[in-house]
Amino acid sequence: MCKKNFKIIYLLTYRIELIDLVKSLYSLLIKDNILILPIFTDYPADHQQKIELENVFIKEGIEFKNLDNYYFKTAIQFLGDEKPDFVITDNDLLNITHIFILSSKRMNIPVLLIRESVTYVNGNQSARVTVGSQNFSAIINNFISKLDKMPKYIKMFSFFLRSISLIEPTLILNTKELMQSFMFGFSGYIYGSYSDYILSNTSKDAEILREKCPRVKKIFVVGNPRYDNIKSAILDKSLIETTKQKVCSLNHIPLNKKIVLFLSSSHLEHQMVSESTKLKMNKQLLEIFYSFNEKIFFIIKLHPIEKNIFPKIWKNEYNKSISVIDINLDDAILISDLVVTWPSTAMLNVVITNKPLIMIDFMNFHKVHGLIQTDDILKLGASLEANSGESLKLYINSFLNDDKIWNTLFKNQLAFKNEYLNYNGKSLELIKNHIITLLKKTT
4 MCKKNFKIIY LLTYRIELID LVKSLYSLLI KDNILILPIF TDYPADHQQK IELENVFIKE
64 GIEFKNLDNY YFKTAIQFLG DEKPDFVITD NDLLNITHIF ILSSKRMNIP VLLIRESVTY
124 VNGNQSARVT VGSQNFSAII NNFISKLDKM PKYIKMFSFF LRSISLIEPT LILNTKELMQ
184 SFMFGFSGYI YGSYSDYILS NTSKDAEILR EKCPRVKKIF VVGNPRYDNI KSAILDKSLI
244 ETTKQKVCSL NHIPLNKKIV LFLSSSHLEH QMVSESTKLK MNKQLLEIFY SFNEKIFFII
304 KLHPIEKNIF PKIWKNEYNK SISVIDINLD DAILISDLVV TWPSTAMLNV VITNKPLIMI
364 DFMNFHKVHG LIQTDDILKL GASLEANSGE SLKLYINSFL NDDKIWNTLF KNQLAFKNEY
424 LNYNGKSLEL IKNHIITLLK KTT
């Protein structure tokens, strides 16, 4: 146990997986006299979502702060008031977060990046998505949809401008770069470029980060705590059956049909496509799903931030064989016989659970902007890839009638887990131990 009291500022956005991680780390580290103060640095898409996500901390008695109440200060002033021993984040290039990281460096406060995955753009590993890689009309539509929040964004920009004038004043002279950095994050850098330490998901990611981020003092491989609970769950057959019975009963899912889970994506919210393109893609998928309605029940699980545009894009139920259900991701995977998804980190959850997996990519999103981990899933044959509606329909049909292709897939998934992940269900414990060690070493 640490005898000294330590304080950590954890910079995060309104994403449930980050909130869950901070909540879990808080309960572990407080036993060692280490206090985590979560700081939200963005605005969620709607007020109800903000309340729901903040309630996760409130129910646990975890104090947090929202920068909305502190934009009259600068990042340096905020850090000076809080006096943290350490700053942690998952993304050191987001506009407000990056300003805090630069300010922390100026004040000699160590920075730790807990990076879930390495991304690439057009084949360049660990690069940032730039404005040019996004859909222009979608960006404009997204901007218009946020006009009601303009007063908040003006306050945020004021904080951004005043903070950056203290630490990187030359950027103020370049209006174009300044606005792009505020709206889309800092391009031209690599995730981890400004961190002192990085906790990485896999050995391969760590190798790439060591090459791309030479200024980082140390990079550790810890795995991903999102998968800690999956290992025990997949070994408990009675738990899987109980979960399936419960979910099917609550959502009127027939037990005499195969269950196929479709994981939707946040293409629209991330300005990758326009609303009309998203609707067109959904229409194509739904027509394919309808064609299997006699033998398959389709569960549609929305991406967490996609819930904000639900009325525009989705309905609750399409017929008696397709339904949009709000369900825990791991439970949804456990009860399903097949998973269909756009390129997503959730592919790792599916592979770990050893479920048949089809990645769809009708718009070549994965080839333009993807994750190293999901790329390797495809390369090692742990997932099938459907680049058209015809190939998706063919694969679903083979799922119903041909075990041979799926047996090969299972073997490849086992090989992927052994070679690439080496997960042991103790990622959270490893993260905690590294934080304690680094705190003792640097303070």
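In the numbering used here, the protein residues as written are 4 to 446. Here a beta-carbon is modelled for each residue, glycine too, at the ideal position from N, C-alpha and C.
query                                                                                                                  : result
Buried versus exposed call for residue 135 [16 or more other C-beta atoms within 10 Å across all chains shown]         : Residue confidence for residue 135 is low, a pLDDT of 34 falling below 50, so the modelled location carries little weight; the figure read from the coordinates is stated next. Exposed, because fewer than 16 other Cβ atoms sit within 10 Å of the Cβ of residue 135.
Among 69, 67 and 200, the one whose alpha carbon lies nearest that of residue 118                                      : 200
Close-in-space but distant-in-sequence residues of the same chain around residue 51 (CB under 8 Å, 5 per side omitted) : none
Pick from 398, 227 and 323 that is closest to residue 260, judged by C-alpha positions                                 : 323
Burial state of residue 54, where buried means 16 or more other Cβ atoms lie within 10 Å                               : exposed
Close Cβ partners of residue 295 (< 7 Å) along its chain, the five nearest in sequence each way excluded               : 399
Contact set for residue 262: own chain, Cβ-Cβ below 7 Å, skip 5 residues either direction                              : 256, 300, 302, 338, 339 and 340
Meets three-Cβ-pair contact criterion under 8 Å: the stretch 100-110 and the stretch 19-34                             : no
Assumed close pair residue 334, residue 246 - CB separation to whole angstroms, cut-off 8 Å                            : 5 Å
Whole-angstrom distance between residue 226 and residue 128, CA atom to CA atom                                        : Interpretation of residue 128 is limited by its pLDDT of 43, a score under 50 that renders its predicted location unreliable; the figure taken from the coordinates is listed afterwards. Residue 128 and residue 226: Cα-Cα distance of roughly 19 Å.
C-beta contact flag for residue 33 and residue 10 at 9 Å                                                               : no
Residue 267 versus 250, 361, 248 and 242, residue with shortest Cα-Cα distance                                         : 361
Boundaries of the alpha helix (DSSP H) in which residue 154 is found, first to last residue                            : 153-170
Nearest residue (CA-CA) to residue 93, options 380, 287, 264 and 12                                                    : 12
Close beta carbons around residue 90, own chain, < 6 Å, minus the five adjacent residues each side                     : 12, 107, 112 and 114
Close beta carbons around residue 429, own chain, < 8 Å, minus the five adjacent residues each side                    : 226 and 231
Separation of residue 336 from residue 264, as counted between CA atoms                                                : 7 Å
Length of the line joining the Cα atoms of residue 380 and residue 409                                                 : 15 Å
Candidates 325, 329 and 385: closest to residue 350 by CA position                                                     : 385
CB of residue 219 within 9 Å of CB of residue 205, strictly                                                            : no
Alpha helix (DSSP H) runs contained entirely in the stretch 320-402, provided each spans 4 or more residues            : 332-338, 349-356, 368-371 and 375-382
Three-state class that DSSP yields for residue 42 in the structure shown                                               : strand
Where the beta strand (DSSP E) containing residue 14 begins and where it ends                                          : 9-15
Helix, strand or coil at residue 411 [DSSP, three-state]                                                               : helix
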